[in-house]
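What follows is a short report on a single structure.
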Amino acid sequence: MTERFLDGRQAFVTGGTSGIGLAIAQGLAAAGARVAINGLGDADAIGAAIESLRHAGAADARHWGADLRDAAAIEAMLAELQAWGRTDIVVNCAGMQFTGSIESMPRERWDAILAINLSAAFQTMQALLPSMAQRGYGRIINIASVHGLVASVQKAPYVASKFGLVGLTKVAALEYASAGSRDSGGVTANCICPGWVETPLIESQIQARAAQHGNDRAAGIADLLSEKQPSRRMSSTDDIAALSLFLCRREAHNINGASLPVDGAWTAQ
Ligand code: NAD
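Going left to right, the sequence shown walks through residues 17 to 285 as my numbering numbers them.
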């Protein structure tokens with residue numbers, strides 16, 4: 017999408033250094049927004065991400081490296097972000113996965129996943145929603161998962177965090193539903209709930225399946241898809257970015273409190 021309908025807007029994307037978050041940040045940049053990203057990664061990868069945002073057309077681009085397991089670090093980052101400018105669009109995309117049964121799940125994994133996937137989103141929304149309401153336009157786009165709608169074995173903290181994110185998003189939608197107008201675009205909060213998207217997050221799961229098929233990566237991916245995603249196609253990160261961009265448009269002012277599956281009919285079953 018090249019139309020610069022976000023000229024003059026500012027966006028903040030957690031998880032913006034990789035995968036889905038980076039693709040969304042690039043889409044927002046191409047639409048003309050100033051884009052701040054948060055995420056981990058080495059200096060070269062982060063430099064390349066920022067460069068890609070400028071190249072895509074961002075009015076300006078910045079990175080903050082706060083670790084989202086650390087509430088004080090998030091608070092400091094949000095203070096600097098607010099000094100940088102007024103944020104109109106928040107995409108909570110940072111996420112962590114760790115698979116294992118409930119009985120084997122290390123407590124510190126549970127704490128980390130809940131902190132990154134859920135509590136950090138609460139903190140960004142709490143800080144940034146009020147000024148969106150004052151200006152009559154704002155977008156919260158939370159990247160949940162099909163695992164915010166249905167469960168799978170071996171993913172207790174991930175599923176719990178994503179169900180929590182879906183609930184948190186609905187509350188925000190209700191609390192801010194009357195802010196703004198159709199002309200200003202209103203304030204909305206929605207979740208996107210992807211099925212399988214080929215990114216580093218699922219690489220260990222792909223590798224585990226590939227190992228069952230003589231290290232044939234394509235066969236491993238096909239096996240993973242055949243289990244739950246009826247389309248048998250992975251989504252691309254750009255697919256998720258395109259939907260995120262649509263949610264930022266003024267015409268999306270009444271799409272609010274939704275959990276939108278992008279899952280090849282996984283949750284239709
Ligand atoms: P990814 O691994 O490419 O990106 C994860 C991002 O989160 C990175 O930018 C990383 O730096 C950031 N992050 C992780 N831990 C962090 C921490 N402690 N502090 C700050 N940042 C941290 O993965 P992805 O697939 O692009 O995942 C993005 C989101 O999409 C996640 O919330 C994930 O749960 C969700 N999702 C992914 C899939 C999929 O199949 N890939 C499916 C459904 C939902």
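Ideal placement from N, C-alpha and C gives every residue a C-beta, glycine not left out.
Sequence-distant residues of the same chain with beta carbon closer than 7 angstroms to residue i, five excluded per side
i: Ala193; result: Asn272
i: Arg25; result: Ala49, Asp104 and Ile105
i: Ser197; result: Gly152
i: Leu217; result: Gly35, Gly111 and Gln113
i: Phe262; result: Ala268
i: Ile222; result: Arg233, Gly236, Ile237 and Leu240
i: Ala61; result: Thr33
Any non-hydrogen atom of the ligand NAD closer than 7 angstroms to residue i Cβ
i: Met141; result: no
i: Ile237; result: no
i: Val349; result: The structure shown does not extend to residue 349, since the chain is modelled only from 17 through 285, so no value can be given for it.
i: Gln42; result: no
i: Gly202; result: no
i: Cys264; result: no
i: Val175; result: no
i: Ile216; result: It should be pointed out that residue 216 corresponds to Pro in this sequence rather than to Ile. Yes, the beta carbon of Pro216 sits closer than 7 angstroms to at least one heavy atom of the ligand NAD.
i: Asn272; result: no
i: Leu94; result: no
i: Cys109; result: yes
i: Asp83; result: yes
i: Ser275; result: no
6 angstroms CB neighbourhood of residue i in its chain, flanking five on each side removed
i: Ala235; result: His229
i: Lys178; result: Ala160, Ser161, His163 and Gly164
i: Ala274; result: Asn206
i: Lys186; result: Gly273
i: Gly202; result: Gly196 and His269
i: Ala143; result: Leu94
Of the listed residues the options, nearest to residue i (C-alpha basis)
i: Val169; options: Asp104, Ile156, Phe28 and Ser117; result: Ser117
i: Ser200; options: Ser68, Leu276, Glu96 and Cys264; result: Cys264
i: Leu22; options: Ala41, Leu94 and Gly35; result: Ala41
i: Leu190; options: Asp127, Leu145 and Asp232; result: Leu145
i: Val107; options: Arg85, Gln139 and Ser120; result: Gln139
i: Ser120; options: Leu84, Lys171, His79 and Ala131; result: Lys171
i: Val175; options: Ile129, Gln142, Glu219 and Thr204; result: Ile129
i: Ser251; options: Gly81, Arg266, Asp60 and Val278; result: Val278
i: Leu181; options: Arg20, Gly37 and Met141; result: Met141
As assigned by DSSP and simplified to three states, the class of residue i
i: Leu276; result: strand
i: Asn108; result: strand
i: Leu22; result: coil
i: Trp282; result: helix
i: Ala52; result: strand
i: Thr215; result: coil
i: Arg78; result: strand
i: Ser68; result: helix
i: Thr140; result: helix
i: Asn158; result: strand
i: Gly32; result: coil
i: Ser252; result: coil
i: Pro146; result: helix
i: Ile271; result: coil
Cutoff 8 angstroms; reference residue i; Cβ partners in own chain excluding five residues on either side
i: Asp239; result: Arg225, Gln228 and His229
i: Arg249; result: Leu241 and Gly280
i: Trp282; result: Val162, Val166, Gly211, Lys244, Gln245 and Pro246
i: Arg102; result: Gln26, Ser147 and Arg151
i: Arg125; result: Phe114, Gly116 and Pro173
i: Leu276; result: Asn206, Cys207, Ile208, Cys209 and Leu259
i: Asp232; result: Ala226
i: Met17; result: Unreliable positioning characterises Met17 in this predicted model, as indicated by a pLDDT of 45, which lies under 50. The coordinate reading is nonetheless provided below. The answer, listed in chain order, is Gly43, Ala46, Ala47, Ala258 and Leu261.
Are there three or more Cβ pairs, one per stretch, closer than 8 angstroms when the stretch 70-82 is compared with the stretch 31-51?
In the pairwise beta carbon analysis, the stretch 70-82 is classified as touching the stretch 31-51: at least three pairs are separated by under 8 angstroms.
Decide yes or no for the touch test of the stretch 133-150 against the stretch 85-93: beta carbon pairs closer than 8 angstroms, at least 3 of them.
When Cβ pairs closer than 8 angstroms are counted between the two stretches, the stretch 133-150 is seen to touch the stretch 85-93, the count reaching three or more.
I'd like to know if the stretch 201-218 and the stretch 248-262 are in contact, where contact means that at least 3 CB-CB pairs between them fall below 8 angstroms.
The stretch 201-218 vs the stretch 248-262: in contact.
Should the stretch 56-70 be called in touch with the stretch 23-30, which here means at least 3 C-beta pairs below 8 angstroms?
Too few Cβ pairs lie closer than 8 angstroms, so no.
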